[in-house]
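Notes to accompany the following structure.
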Amino acid sequence: MTPDTAPFPEAVAEAMRVELPRVAERAVEEIIVAVPSYADAFSGPMGRKISSAVELTLRGFLQLAAAGGNADAGTPGGPVVEAAYALGRGEARTGRSMDALLAAYRVGARVSWRDMSAAAVAAGLGPEPVARFAELVFAYIDRLSAASVAGHADELASSGRARQRLRERLAHGLLTGSPHTELTAMAQRAEWTPPRTLTAVLLPDGRTRGALASLDPRTLIAAEDVPELDRTSDLAVLLVPDAEGAARGALLRGLGGREAVVGPARTWWNAQASYHRALRALRLGMAPDDAGPLDTDARLAELVVRADEDALADLRARVLAPLDSVGDTAREKLTETLRSWLLHHGRRDQVAAALFVHPQTVRYRMTQLREIYGPRLEEPLMVRDLTVALGVALPAPPSADG
0 MTPDTAPFPE AVAEAMRVEL PRVAERAVEE IIVAVPSYAD AFSGPMGRKI SSAVELTLRG
60 FLQLAAAGGN ADAGTPGGPV VEAAYALGRG EARTGRSMDA LLAAYRVGAR VSWRDMSAAA
120 VAAGLGPEPV ARFAELVFAY IDRLSAASVA GHADELASSG RARQRLRERL AHGLLTGSPH
180 TELTAMAQRA EWTPPRTLTA VLLPDGRTRG ALASLDPRTL IAAEDVPELD RTSDLAVLLV
240 PDAEGAARGA LLRGLGGREA VVGPARTWWN AQASYHRALR ALRLGMAPDD AGPLDTDARL
300 AELVVRADED ALADLRARVL APLDSVGDTA REKLTETLRS WLLHHGRRDQ VAAALFVHPQ
360 TVRYRMTQLR EIYGPRLEEP LMVRDLTVAL GVALPAPPSA DG
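Going letter by letter, the sequence shown gives residues 0 to 401 in numbering that gives the first Met the number 0.
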């Protein structure tokens, strides 16, 4: 049969048109049985509308199938394709996958073919046109299915982009400390369920994709116009849900090798405090190493001591002033020994092991220190000041051209 030949005569088409309302009804009935998730959608007034739509779709197909000229019944008309596309978008908006809709298409095609071909044969249609009719029915349904799949995918992409933008705004609001009521409203608009806590993680933007693979899907991302970061910075901020307690260990392991700085866990609406802690550590020159990310929870004493760098420098200068009487090399060794002595509570063997020297060397240096400081070395306030001043590593001396 050539393309410009109608698959069947008008008399047969008319006999099939008479059956259309009943075919549409039976298609709906069998779809409800085969796809239970559509039972509610087909009930009541909505069901009658859908039945009418099914009938109109079948009527449009029959018009194509019975048309002369170059009409191709395997190609639905524009309005029918648009309706199928809209149906796919609607499925995505209700949160359903395409499985149910494609199953409904298959059932509808089977029922339509069975009942309409029976009417066509009864009206005198021969075997060859019946076979061609079957081919056209399923080609038609394939086109409608493809249009619905495209609509479903487009809706997911569109809604996904919109939701992502809303979540980026939420992340920005959290990092800037927006009021609790505003954050709650933003979370609702972004369809984001607030966790107990959020933990801020700073890391290079290029490392975020790999990190996200092992993190809670609710993790928020701020990668552009991050508050308080230079616009040229390549850093991004992740706000990770419920990473406190035992879960923190898993977070730190998952961030290994990603040059990350991890803030403390804070109530979700106070995530700004976690971000500021991580940012402060970074600005103090504290950095992750090959062993893993920088865990600010493990460096609290250093963060406290270095909160005011000028005050710390003044305190060091004052408590180490008695060592000005010795040369630079001796001063460096005595300062190192004094620091280790304080940290190890005067346990000579432990000090020697930490400094890689003989215990007698430690004894000799401590004798020098007692001579220099005199009785003040045993005074509680002096011990406190020395411990605070020397409790963290001394900063590197400035370079010759700095």
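C-beta: ideal position from N, C-alpha, C; glycine also.
Please report the Cβ distance between residue i and residue j, rounded to the nearest whole angstrom; I am assuming they are in contact, meaning their Cβ atoms lie under 8 Å.
{"i": "E190", "j": "R162", "result": "6 Å"}
{"i": "R25", "j": "V110", "result": "6 Å"}
{"i": "L251", "j": "P287", "result": "Rounded, the Cβ-Cβ distance is 10 Å, inconsistent with contact."}
{"i": "T56", "j": "V79", "result": "6 Å"}
Suppose you measure from the CA of residue i to the CA of residue j; what does that come to, to the nearest Å?
{"i": "L197", "j": "V325", "result": "51 Å"}
{"i": "A353", "j": "P194", "result": "43 Å"}
{"i": "E308", "j": "A245", "result": "33 Å"}
{"i": "A70", "j": "R208", "result": "Only weak support is given to the placement of A70: the predicted model assigns it a pLDDT of 46, under 50, and the value that follows is read from those uncertain coordinates. A70 and R208: Cα-Cα distance of roughly 50 Å."}
{"i": "Q359", "j": "Y372", "result": "20 Å"}
{"i": "E335", "j": "R230", "result": "40 Å"}
{"i": "A72", "j": "S177", "result": "Only weak support is given to the placement of A72: the predicted model assigns it a pLDDT of 49, under 50, and the question is left unresolved by the model."}
{"i": "H330", "j": "L322", "result": "For the sequence presented, residue 330 should be read as Arg rather than His. Computed Cα separation, rounded: 6 Å."}
{"i": "E370", "j": "L302", "result": "33 Å"}
{"i": "Q367", "j": "A277", "result": "41 Å"}
{"i": "A117", "j": "M185", "result": "58 Å"}
{"i": "Y37", "j": "A83", "result": "16 Å"}
{"i": "G248", "j": "R217", "result": "19 Å"}
{"i": "D114", "j": "R95", "result": "29 Å"}
{"i": "R88", "j": "P35", "result": "20 Å"}
{"i": "L341", "j": "V382", "result": "8 Å"}
{"i": "E378", "j": "L283", "result": "31 Å"}
{"i": "M365", "j": "A264", "result": "42 Å"}
Relative to the C-alpha of residue i, which residue among the options is closest?
{"i": "T175", "options": "M365, A221, E301", "result": "A221"}
{"i": "P226", "options": "A249, F60, H171, E258", "result": "H171"}
{"i": "A12", "options": "V53, L55, L124, I30", "result": "L124"}
{"i": "S232", "options": "L202, T218, A249", "result": "L202"}
{"i": "V32", "options": "D224, M15, R105", "result": "R105"}
{"i": "M285", "options": "G262, Q271, N269", "result": "G262"}
{"i": "Y139", "options": "S158, A199, F60, N269", "result": "F60"}
{"i": "R257", "options": "A210, N269, Y274", "result": "A210"}
{"i": "D313", "options": "N269, A199, V236, V387", "result": "V387"}
{"i": "Y363", "options": "R347, P240, A26, L376", "result": "R347"}
{"i": "R279", "options": "D141, D294, W268", "result": "D294"}
{"i": "A99", "options": "G390, A186, V148, M185", "result": "V148"}
{"i": "L182", "options": "A103, Q271, A119, G159", "result": "Q271"}
{"i": "R237", "options": "Q62, A199, V34, L319", "result": "It should be noted that the sequence gives Leu, not Arg, for residue 237. Here the closest residue by C-alpha is A199."}
{"i": "Y274", "options": "R305, V304, A235", "result": "A235"}
{"i": "E316", "options": "L389, L86, G291, E28", "result": "Here residue 316 turns out to be Ala, not Glu, going by the sequence shown. Ranking the options by Cα distance to A316, first place goes to L389."}
{"i": "D296", "options": "A242, K332, R338", "result": "A242"}
{"i": "G205", "options": "R188, D384, E223", "result": "E223"}
Hey, quick one: how far does the beta strand (DSSP E) through residue i stretch, first residue to last?
{"i": "V120", "result": "Counting along the chain, V120 falls outside any beta strand (DSSP E), though it belongs to the alpha helix (DSSP H) covering 98-121."}
{"i": "A221", "result": "219-221"}
{"i": "L322", "result": "Here L322 belongs to no beta strand (DSSP E), and DSSP marks it neither H nor E."}
{"i": "P403", "result": "Past the edges of the chain, shown from 0 to 401, lies residue 403, and the structure says nothing about it."}
Which residue or residues does DSSP assign as beta-bridge partners of residue i?
{"i": "R265", "result": "L197"}
{"i": "V260", "result": "L201, L293"}
Could you tell me the boundaries of the alpha helix (DSSP H) in which residue i lies?
{"i": "V22", "result": "9-33"}
{"i": "S158", "result": "126-175"}
{"i": "T180", "result": "179-188"}
{"i": "M408", "result": "Missing from the structure shown is residue 408; the chain here goes from 0 to 401 and no further."}
{"i": "L389", "result": "379-389"}
{"i": "R364", "result": "358-372"}
{"i": "D313", "result": "308-318"}
{"i": "E90", "result": "77-92"}
{"i": "A353", "result": "347-354"}
{"i": "V225", "result": "Segment: none, V225 is in no alpha helix (DSSP H) and carries neither H nor E."}
Regarding residue i and the ligand ZN, is the C-beta to nearest heavy atom distance less than 7 Å?
{"i": "V11", "result": "The ligand ZN is not part of the structure shown, which contains no ligands of any sort."}
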